[in-house]
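Residues 38 to 124 (our numbering) make up the sequence shown, in order.
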Amino acid sequence: MIIEEKFLEMRGMRRQEIIDYFISLDFLACDLSTFVGEHLRIEVGEEVFVKMGSLSIPATSIKFSGEKDVVEKVLYWFRLRFLTAGG
Numbered sequence: 038m039i040i041e042e043k044f045l046e047m048r049g050m051r052r053q054e055i056i057d058y059f060i061s062l063d064f065l066a067c068d069l070s071t072f073v074g075e076h077l078r079i080e081v082g083e084e085v086f087v088k089m090g091s092l093s094i095p096a097t098s099i100k101f102s103g104e105k106d107v108v109e110k111v112l113y114w115f116r117l118r119f120l121t122a123g124g
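Structure (structure tokens):
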């Protein structure tokens, strides 16, 4: 078993949207920011706002850790769900 860690910073979507997504996948919520699945742990960081000129954009860091195949599969579906073209 190969263990892998991946970090993402998601900008332009609210932290609650991300949390709701993981809840919908039936991951066990250890608390409001940590979700556990079979061979997988997901940690959702706090929401901060990045200033870009006059815009204030929400940004949330996410850490995926666990068995490599599982992490890659969950990341694939996560990116597909939150993929945006041009903002």
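Glycine included, C-beta positions come from ideal geometry on N, C-alpha and C.
Look at the Cβ atom of residue i, then the Cβ atom of residue j, and state whether they are nearer than 7 angstroms.
i	j	result
Lys88	Glu41	no
Gly103	Leu77	yes
When you compare each of the options to residue i by their alpha carbons, which one comes out closest?
i	options	result
Glu80	Thr121, Gly90, Met47	Met47
Phe115	Glu84, Phe44, Leu69	Phe44
Val111	Phe59, Ile39, Met38	Phe59
Which residues does DSSP pair with residue i in a beta bridge?
i	result
Ile40	Glu104
Met47	Thr97
Leu77	Gly74, Gly103
Leu65	Val73
Are there any heavy atoms of the ligand ZN lying less than 6 angstroms away from the beta-carbon of residue i, as far as the coordinates show?
i	result
Val85	Absence of the ligand ZN is noted for the structure shown, with no ligands found whatsoever.
### Message
Under 8 angstroms, with one C-beta from each stretch per pair, do the segment 38 to 58 and the segment 90 to 104 reach the 3-pair mark?
### Response
yes
Secondary structure, alpha helix (DSSP H): runs of 4+ residues fully inside the segment 81 to 123 | 105 to 119
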